[in-house]
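Reminder that position 172 of the sequence shown reads as 166 in the working numbering, one-by-one numbering, no gaps. In what follows, a structure is listed as structure tokens, so that the remarks can point back to it.
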Amino acid sequence: MVFVIEQRLKAQNITLDKSERVLTDVATVLFHPKLLDELFIPQPVATHTLIKQLLQDISATSIMKLDDYSMSKLWDLMTMIFKWQLSVATNQNIFDITRRHLRSVAMLMPEFYPKCIIEQTMRRFENLSQQFSDDDFKCLNSTLILWFSEYHAKISVLIRLGLQRKDGTFNLPSTIGTNILNNLGENIYKYDNRKNPIDEFESRCADTNEINCLLASIEKVHSKNKIELQLPIEFAGASSKRKTLEIARDMQFETIDTSVKIKNSDLTFIPDIPKSPQEDLLDMLGATGDSM
């Protein structure tokens, strides 16, 4: 999700300050300790609708506007690429995929974003994985595969790399390069060397490019003083309503170091001077966008 948003910001020539604000706001909520505390509570598997709504709420926590069609395309990308990763993974390396996901997000974030936030998130998963037995890993793998079983969308980058067939099914691991298999969870687009993938995608999938179509616009909006997220869990007790998590918008952008402070259990950043974003991967995607 973060990679797609970052790519679309570049494609639309969004100014650096706005792009960094969008990425920072989204990552701040995604990795917020209050949200992670709730999600790490043992609970039944959430429905597809609830998880999709949660991610949509997170993606909309900044000045970015994501319409329903764009969210649907983003959801297809997230579910199918992760489903493919699961389909070729072993039981024991599911957490390796998560580690690489988190490292990839860290590489996309602005220079001033406190990397310790992602490191703390990674430690949570490390601690959880150390508690798993072989049977736990097997159960987790089976549960995830079942959860994703209803998704069959065709994704251009998977087709181009020979990882997915035209009917939406995946190719066997024996037909896939070892470099990809040994680094499951890394950004799959880095293996895509097509000079003009848009034309190739349209000819094979008869749809618009999945990254190009994602962001309708980025606008200044009058944000509330707090972010409200509907969690995919219920209150402990008699209430059947889903829990609402409130996160205050109190992020302060100043100019010294990259430490994280805690104010009323919410994050406050003290960022460094921003530097240029990472190398632009749009060349391999051949994407263009409207300037803002």
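Each residue gets a CB set at the ideal place from its N, CA and C atoms; glycine is no exception. Keep in mind it's a predicted model, so treat the numbers as computed, not measured.
Does DSSP put residue i in a helix, a strand or coil?
i	result
residue 65	helix
residue 52	helix
residue 80	helix
residue 163	coil
residue -5	coil
residue 0	helix
residue 240	strand
residue 221	strand
residue 114	helix
residue 124	helix
Suppose you measure from the CA of residue i to the CA of residue j; what does that come to, to the nearest Å?
i	j	result
residue 247	residue 28	Note that residue 247 has pLDDT 33, beneath the 50 cutoff, so the model's placement of it is unreliable and the number below is only indicative. Computed Cα separation, rounded: 21 Å.
residue 162	residue 81	13 Å
residue 143	residue 76	12 Å
residue 167	residue 123	24 Å
residue 25	residue 133	25 Å
residue 116	residue 154	31 Å
residue 49	residue 16	15 Å
residue 3	residue -5	12 Å
residue 170	residue 71	20 Å
residue 105	residue 43	34 Å
residue 159	residue 138	21 Å
residue 186	residue 174	11 Å
residue 61	residue 47	13 Å
residue 7	residue 129	48 Å
residue 136	residue 150	26 Å
residue 165	residue 41	27 Å
residue 9	residue 157	35 Å
residue 113	residue 107	12 Å
residue 5	residue 63	18 Å
residue 79	residue 111	25 Å
residue 36	residue 109	27 Å
residue 121	residue 127	13 Å
residue 146	residue 172	24 Å
residue 239	residue 125	27 Å
Note the first and the last residue of the continuous alpha helix (DSSP H) segment covering residue i.
i	result
residue 27	27 to 33
residue 146	Neither: residue 146 is in no alpha helix (DSSP H) and is coded neither H nor E.
residue 41	Taken as a continuous stretch (DSSP letters only), residue 41 belongs to no alpha helix (DSSP H), as it is neither H nor E.
residue 102	88 to 102
residue 172	172 to 175
residue 186	Run containing residue 186: none; DSSP gives neither H nor E here.
residue 14	10 to 24
residue 153	150 to 154
Are the CB atoms of residue i and residue j nearer to each other than 9 Å?
i	j	result
residue 152	residue 74	yes
residue 65	residue 20	no
residue 90	residue 83	yes
residue 183	residue 34	no
residue 226	residue 88	no
residue 53	residue 30	no
residue 32	residue 237	yes
residue 131	residue 86	yes
residue 92	residue 56	no
residue 51	residue 222	yes
Pop quiz: residue i and residue j are said to be a contact at Cβ under 8 Å. What is the actual Cβ separation, rounded to whole angstroms?
i	j	result
residue 94	residue 177	7 Å
residue 0	residue 102	5 Å
residue 39	residue 241	Between residue 241 and residue 39 the Cβ distance is about 24 Å, and since that is not below 8 Å, they are no contact.
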